[in-house]
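Data first, discussion second: the structure below is written as structure tokens.
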Amino acid sequence: MEVPVDVLCLGESMALFVPTEAGPPERVRMWTRTVGGAESNVACHLAGMGVAAAWVSAVGDDAFGRAVADFVAGFGVDVSRVRVDPSRPTGLYVKESDAGGSPVRYYRRGSAASAMGPELVAELPLDQVRIVHTSGITPALSDSCLALVRELVAAPRRTHLLSFDLNWRPALWRDRDPAVLRELAAAADIVLVGADEALAVWDADGPAAIRELLPEPGTLVVKQAEQGATLVERDPDTGRDRPPVVQPALRVDVVEPVGAGDAFAAGFLAATLAGAPPRRRLRAGHLQAAAVLRTTEDVCPPLPADLVTRLTEADDDEWAAAHLR
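If you count the sequence shown from 1, position 226 lands on 232 in my numbering, and the numbers rise without skipping.
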């Protein structure tokens, strides 16, 4: 890489179509084309918070591929290691905006990113970054992508931590075995998982059950939607878990929820890099997620810096009283 990078994010991003008028998708005629992808979302949020971030993936040699790369680069993310596949297309997906949960339809089978394989890991500057971030989406794309993630988790970690967000997408696992997700999560240093995801995938109900299932990672974050998030972290001196840290979420007038998990991950990782204490790391995640919850976009500018500082440092009563409209 030509410039120093703190966080390297690896995974597929696609052209994203969002309706610009009300009604069921089959009746919508006007759409806005943007870009979406879990790992590139995290990279874009990190760059917006001043963290040097890179995104690694593959796109097709087509208009959508150019649009995806330009979009991510526009946030200040290093895209110099994004491959352009001359024969496979850029994936795309369609979603319907809805504050109660947006149905998503994927058109990504045979995409350029699905052809990524384990040989890619040898090309990554793993000794020049502090965190490598990926998710459970990538191993669902193809056998070669599963091999890629397995190679990534097996690579030596001389300078970096491996961050893994479960990002459960049931539609991607219909013809694949999701049991591998526990294997991959267990091999990571930082794991982020939604409580609803863990229940669906592993039948693990709540932070204690999830930790029992995943005792290996040094850092486990359980996202509990509007209830907040729980951090379980091992003390490196004793090898035992410290008492869990629970941080309630901010009250937010939700416009559309998709993308909030990626924003939370970025906020948490940025605060982790900054050496923030546990509660502030969780608050940083909530604050970044709150910014996205108030928009229809997967990526948006962070909240005003003075507001972020005030709420990050607020006492529990002030935090509980805050309401972002």
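Glycine included, every Cβ here is placed at the ideal spot set by N, Cα and C.
*Report all residues from its chain with a CB closer than 6 Å to the CB of G66; omit the five preceding and five following residues, and keep chain order.*
Reading the sequence shown from its first residue, position 60 is the one you call residue 66. Excluding residues within five positions, the ones whose Cβ falls inside 6 Å are D91, R94, P95, T96, A118.
*asked:* Let's see if you can read the secondary structure: which residues bound the beta strand (DSSP E) around P25?
replied: Taking the sequence shown and counting its residues from 1, the one referred to as residue 25 is at position 19. Per DSSP, P25 belongs to the beta strand (DSSP E) from 20 to 25.
*Could you give the distance in angstroms between the alpha-carbon of D259 and the alpha-carbon of T278?*
As a first step, residue 259 is located in the sequence shown; it is residue number 253 there, counting from the start. As a first step, residue 278 is located in the sequence shown; it is residue number 272 there, counting from the start. Whole-angstrom Cα-Cα distance: 27 Å.
*asked:* If you follow the beta strand (DSSP E) that G42 is in, where does it begin and where does it stop?
replied: Sequence index remark: in the sequence shown, residue 42 carries index 36 (1-based). Per DSSP, G42 belongs to the beta strand (DSSP E) from 37 to 42.
*asked:* Just to confirm my understanding: we take P307, look at its own chain, exclude 5 residues before and 5 after, and list those with CB closer than 8 Å. What are they?
replied: If you number the sequence shown from 1, residue 307 lands on position 301. Contacts found: G54, A297.
*Are the CB atoms of V57 and V13 nearer to each other than 8 Å?*
Locating residue 57 in the sequence shown gives position 51, counting from the first residue. Locating residue 13 in the sequence shown gives position 7, counting from the first residue. For the pair V57 and V13, the CB atoms are nearer than the 8 Å cut-off.
*First and last residue of the uninterrupted beta strand (DSSP E) at L168*: Here residue 168 refers to the residue found at position 162 when the sequence shown is read from its first residue. Residues 167 to 171.
*When DSSP labels each residue in this structure, what does I196 get in the three-state scheme?*
In the sequence shown, residue 196 corresponds to position 190, counting from 1. Of the three classes helix, strand and coil, the one that applies to I196 here is strand, per DSSP.
*Which of helix, strand or coil DSSP assigns to R419*: Only positions 7 to 331 of the chain appear in the structure, and residue 419 is not among them; the question remains open.
*asked:* Comparing C-alpha positions only, which one of V207, D241, R289 sits nearest to R180?
replied: Locating residue 180 in the sequence shown gives position 174, where the first residue counts as 1. Nearest to R180 by alpha-carbon distance, out of V207, D241, R289, is V207.
*Could you work out which residue in E319, P284, G265, E189 is closest to L299 when comparing CA atoms only?*
Taking the first residue of the sequence shown as position 1, residue 299 is located at position 293. It is G265.
*Mind listing, in chain order, the continuous beta strand (DSSP E) runs of no fewer than 3 residues lying wholly within the region 208 to 296?*
Correct list: 225 to 229, 235 to 239, 251 to 253.
*asked:* In whole angstroms, give me the CA-to-CA distance for K101 and W37.
replied: By 1-based counting over the sequence shown, the position of residue 101 is 95. By 1-based counting over the sequence shown, the position of residue 37 is 31. About 10 Å.
*Thinking C-alpha only, which one of L256, C15, C151, E189 is nearest D323?*
By 1-based counting over the sequence shown, the position of residue 323 is 317. In this structure, L256 is the residue among L256, C15, C151, E189 with its C-alpha nearest to the C-alpha of D323.
*Identify the continuous alpha helix (DSSP H) that holds V127 and give its terminal residues.*
Working through the sequence shown from its first residue, we reach residue 127 at position 121. Careful: V127 lies outside any alpha helix (DSSP H) and carries neither H nor E.
_Measuring only the C-alpha atoms, how far is L190 from E45?_
Translated into positions along the sequence shown, residue 190 becomes position 184. Translated into positions along the sequence shown, residue 45 becomes position 39. Distance from the CA atom of L190 to the CA atom of E45, rounded to whole angstroms, is 16 Å.
_According to DSSP, is A73 part of a helix, a strand, or is it coil?_
To locate residue 73, count along the sequence shown from 1; it is residue 67. Residue state, collapsed to three classes: helix.
_Residue range of the alpha helix (DSSP H) that includes R156_ = Here the question's residue 156 lines up with position 150 in the sequence shown. Segment 149 to 160, the alpha helix (DSSP H) holding R156.
*DSSP on D91, reduced to helix/strand/coil?*
For the purposes of this step, residue 91 is taken as the residue at position 85 of the sequence shown. Annotated three-state conformation of D91 is strand, per DSSP.
*Apart from the five residues on each side of it in sequence, which residues of its chain come closer than 8 Å, Cβ to Cβ, to E129?*
As a first step, residue 129 must be located in the sequence shown, where it is residue number 123. Closer than 8 Å at the Cβ level, and outside the excluded window around E129, lie R87.
*Based on Cα-Cα distance, which residue from A215, L167, A282, R286 lies nearest to A193?*
Taking the first residue of the sequence shown as 1, we reach residue 193 at position 187. A check of alpha carbon separations from A193 across A215, L167, A282, R286 identifies L167 as the nearest.
*Roughly how many whole angstroms lie between the Cα atoms of E32 and D202?*
The residue labelled residue 32 in the question sits at position 26 within the sequence shown. The residue labelled residue 202 in the question sits at position 196 within the sequence shown. E32 and D202 have their C-alpha atoms some 29 Å from each other.
*Note down the Cα distance separating V159 from G245, rounded to an integer number of angstroms.*
Counting from one through the sequence shown, the residue named residue 159 turns up at place 153. Counting from one through the sequence shown, the residue named residue 245 turns up at place 239. Distance between the alpha carbons of V159 and G245: 21 Å.
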